[in-house]
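Visitor: Dropping a structure here in structure tokens format, bear with me for questions.
Number of protein chains: 2
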Amino acid sequence: MDTYELLTRNTDEVVVEDEVRELAQDPDGKRVYVGYEPSGVLHLGHLLTANKLIDLQEAGMEVVVLLADVHAYLNDKGTFEEIRETAERMRAQFLAYGLDEERTEFVYGSDYQLEEDYTLDVHELELSTTLNRAQRAMAEIQSGETAKVSHVVYPLMQALDIEYLDLDLAIGGMDQRKVHMLMREELPDIGYEARPVLHTPIVADLTTGDGKMSSSEGVTISMEDSAEELEEKVNSAFCPPTRDPEGDLENPVLELFEYHVFPRFEEVVVERPDEYGGDLTYESYEMLATDLESGELHPADAKGALASYLDELIAPGRDVLSEMRA
Amino acid sequence: MDTYELLTRNTDEVVVEDEVRELAQDPDGKRVYVGYEPSGVLHLGHLLTANKLIDLQEAGMEVVVLLADVHAYLNDKGTFEEIRETAERMRAQFLAYGLDEERTEFVYGSDYQLEEDYTLDVHELELSTTLNRAQRAMAEIQSGETAKVSHVVYPLMQALDIEYLDLDLAIGGMDQRKVHMLMREELPDIGYEARPVLHTPIVADLTTGDGKMSSSEGVTISMEDSAEELEEKVNSAFCPPTRDPEGDLENPVLELFEYHVFPRFEEVVVERPDEYGGDLTYESYEMLATDLESGELHPADAKGALASYLDELIAPGRDVLSEMRA
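Here the protein sequences line up with chains A and B, keeping their order.
So for the first sequence, the working numbering puts the first residue at 75; every next one is plus one.
So for the second sequence, the working numbering puts the first residue at 75; every next one is plus one.
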């Protein structure tokens, strides 16, 4: 696979192609980041990004995971000490999942976000960014009554993080794209360089294929699911025999194969008794999706294989989590 | 004069009376503040506030003058070092004008506004204050296109200053009232006490009596005016023989007597040749205003006296300024 393809596969958006192509010329030692508010248990959303980070490490890049303890503190997630304990569990799960420890730096927001230079730069950006522009970057559509001042300040801090962490590339879900566009427009106004960004896809709700899989609503898959729980969740997933269901619906089983399983395994074997045709072996997502559409691969068999591969991916992190809690 | 009257005379608004009455019971050692972006030359706006501060010192209070160097820095007023030089000139002029050096503390914003605790508290307030509420506190009506993110953050910093400077009372012009109302509503949400506030009046434009006297437009009187300049400016002032001119107009000559001269002098003598009735002596503003309205005091004579008293008030600061520049 060529380097640009490795960097950009399974992304929904590349901002902008020229800059990422230039990065692909010499990715060795270049720094890419993702930021999270510390969470005790990783879910598929984290792991989808982690798959992308693993691709980038394979290309030679260094990964920076920002553990946003300042924001967690402000959101009443505990004392800084408690939040650091949560963040340490997060770190252990990422490494167990497959991030290369030698090429992964975990940084706390409090390491630099409360220092004078950073604070002055936040104020500089507040002064150079119109309120209208910042409102357009707010993470979700906030009505006038519920939007807080923090909703227009946090995007500016995210922009500055990209400068202060000395990055060459940023990664985020599609829900981060407005913040990253603000970063690209506003950083140059205070003398810093805009950085390219890759946006990872949003996986559809597992049970309905409608909207997005969320850690707060509906069924999610997390690092603490047992093999049995995984099997149960995947078995009740929405999986019509097509990659393009009616209306706005998606096929979440295919999405999980595409974004979670194939990037991590050379081949996928769907086990079947000989009487039903015997095992099927796929070397690419395309082949599996084609067979599901043609009827060659039954949704129930696809689900069985998916649950088993997800379990294999999750098992090391699940073990670490249970050791840390023991 | 009773203490409550001394604390509140020549103010346009007391927020709220009960709290200031309680302060008046035991004002000794209580702390009051005013904040300014450092300016090299004081003008009448500064001095009107200073008159109020002198009243409060007379009642036993300690004055804190916040020299907002961080904001000046962000507004491109120079390096921190250059801004401190400007601020030192400001300090010298305030002391020359009559603030009691023993009871006046000059504090730089950079002494605490870039520290971790303060920065965290700014973020707490950003999180607890709705964008709508903060927009209502913006210093001036900003259109959607010109308002910056800083316009919703600065009022929160002003609120926190009142906590961090450990104050019992805040002072500001009427243009600060929205910010102070925000302070009273929002500080308790993050566990701090709201403080009472006194708002000083706005003096009308000197030449027209319309709108407000401004340091950026129209004629202003400043600490560097010579006796001749003062005389010239006051002589061309709007001064109809009434304290209540038509429409929205004000009589700025009477306002200057009321807010600038009478608070600082036991009596005011208007010198007149014997052939025009000889000197007039006033022990109160009311007496002088009554005579102007009745025709007993001619506007031209009132202006002559005003220029002379303003010169007496300004002379010490003017001298200090010229020494510092020599």
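Glycine residues also receive a C-beta, built at the ideal position from the N, C-alpha and C atoms.
#1: Rank R158/A, R83/A, D279/A, A133/A by C-alpha distance to the C-alpha of Q99/A and give the top, closest one.
#2: Among residues of its own chain, excluding the 5 on either side of N125/A, which ones have a beta-carbon nearer than 6 angstroms to its beta-carbon?
#3: Within the segment 289-338 of chain B, note down every full beta strand (DSSP E) run reaching 3 residues or more, in order along the chain.
#4: Does V90/A come out as helix, strand or coil in the three-state DSSP assignment?
#5: Please compile the residues from chain B whose C-beta is within a distance smaller than 8 angstroms of the C-beta of V39/A.
#6: Just to confirm, is the Cβ distance from L127/A to M164/A under 8 angstroms?
#7: Roughly how many angstroms lie between the CA atoms of L401/A and G183/A, to the nearest whole one?
#8: For L261/A, go through chain B and note every residue whose CB falls closer than 9 angstroms to its CB, in chain order.
#9: At what residues does the alpha helix (DSSP H) containing Y78/B begin and finish?
#10: Take E357/A and list the residues in its own chain whose beta-carbon comes closer than 6 angstroms to its own, dropping the five residues that flank it on each side.
#11: If the criterion is Cβ atoms closer than 8 angstroms, does the pair A233/A and L261/A meet it?
#12: Can you tell me whether P347/A is buried or exposed, with buried defined as 16 or more other CB within 10 angstroms of its CB?
#13: Give the secondary structure of E386/B by DSSP, where H, G and I count as helix, E and B as strand, and everything else as coil.
#14: Are L130/A and V106/A closer than 8 angstroms when you measure CB to CB?
#15: Residues in the segment 162-189 of chain A with C-beta within 7 angstroms of chain B's C-beta atoms, listed in sequence order?
#16: What does E200/A touch in chain B if you count any residue whose Cβ is under 7 angstroms from its own?
#17: Assuming A208/A and V223/B are in contact, meaning their beta carbons sit under 8 angstroms apart, how far apart are those beta carbons, in whole angstroms?
#18: Got a sec, what are the start and stop residues for the alpha helix (DSSP H) Y238/B sits in?
#19: What are the residues in the segment 133-147 of chain B lying within 9 angstroms of chain A by C-beta distance?
#20: Between I388/B and D299/B, which are expected to be in contact by the criterion C-beta below 8 angstroms, what is the C-beta distance as a whole number of angstroms?
#21: Measure the beta-carbon distance from F339/B to Y359/B and round it to whole angstroms, keeping in mind my assumption that it falls under 8 angstroms.
#22: What is the DSSP secondary structure of R105/A, counted as helix, strand or coil?
#23: Per DSSP, what kind of secondary structure is L97/B in: helix, strand or coil?
#24: On a CA-only basis, which of D240/A, D195/A, Y238/A is nearest V227/A? Give me that one, please.
#25: Is the beta carbon of P326/A less than 8 angstroms from the beta carbon of E367/A?
#26: Is DSSP giving Y147/B helix, strand or coil here?
#27: For M255/B, collect the residues of the same chain with a Cβ closer than 8 angstroms to its Cβ; drop the 5 residues on either side in sequence, then sort them by chain order.
#28: Can you find at least 3 beta carbon pairs, one from the segment 187-206 of chain B and one from the segment 159-174 of chain B, that sit closer than 8 angstroms?
#29: Are the Cβ atoms of D318/A and D284/A separated by less than 8 angstroms?
#30: May I have the straight-line CA-CA distance separating Y78/A from D86/A, to the nearest angstrom?
#31: I'd like to know whether the C-beta of A233/B is nearer than 8 angstroms to at least one C-beta of chain A.
#32: Leaving aside the five residues before and after A170/A along the sequence, list all residues of the same chain whose C-beta is less than 6 angstroms from its C-beta, in chain order.
#33: Going by DSSP, what residue range makes up the alpha helix (DSSP H) through Y359/B?
#34: What span of residues does the beta strand (DSSP E) with L243/B cover, start to end?
#35: Starting from the Cα of L354/B, find the closest Cα among M361/B, L362/B, A363/B, V344/B and give me that residue.
#36: Taking T160/B as the reference, which of P112/B, M398/B, T178/B has the closest Cα?
Guide: On the basis of the supplied data:
#1: A133/A
#2: P337
#3: none
#4: coil
#5: Nothing in the structure corresponds to residue 39/A, since chain A is present only between 75 and 400.
#6: no
#7: Absent from the structure is residue 401/A, since the part of chain A shown begins at 75 and ends at 400.
#8: Those within 9 angstroms of L261/A in chain B number zero; the least Cβ separation is about 14 angstroms.
#9: 77-82
#10: E341
#11: Against a cut-off of 8 angstroms, the Cβ pair of L261/A and A233/A comes out as a contact.
#12: The residue in question, P347/A, is exposed, as its Cβ has fewer than 16 Cβ neighbours within 10 Å.
#13: Secondary structure of E386/B (DSSP, three-state): helix.
#14: yes
#15: L188
#16: K222, V223, S224, V227
#17: A208/A to V223/B, Cβ: 5 angstroms. Contact.
#18: 224-238
#19: Taking 9 angstroms as the Cβ-Cβ cut-off against chain A, the residues of the segment 133-147 of chain B that qualify are V144, H145, Y147.
#20: 6 angstroms
#21: Actually they are not in contact, since the Cβ atoms of F339/B and Y359/B sit about 11 angstroms apart, beyond 8 angstroms.
#22: strand
#23: helix
#24: D195/A
#25: With respect to the 8 angstroms criterion, P326/A and E367/A are not classified as neighbours on the basis of their beta carbons.
#26: helix
#27: V89, A211
#28: Verdict: no, contact absent.
#29: no
#30: Pairing Y78/A with D86/A, the inter-Cα distance amounts to about 14 angstroms.
#31: no
#32: Closer than 6 angstroms at the Cβ level, and outside the excluded window around A170/A, lie P390, G391, V394.
#33: 359-368
#34: 243-247
#35: Taking only the C-alpha atoms, the option nearest L354/B is V344/B.
#36: P112/B
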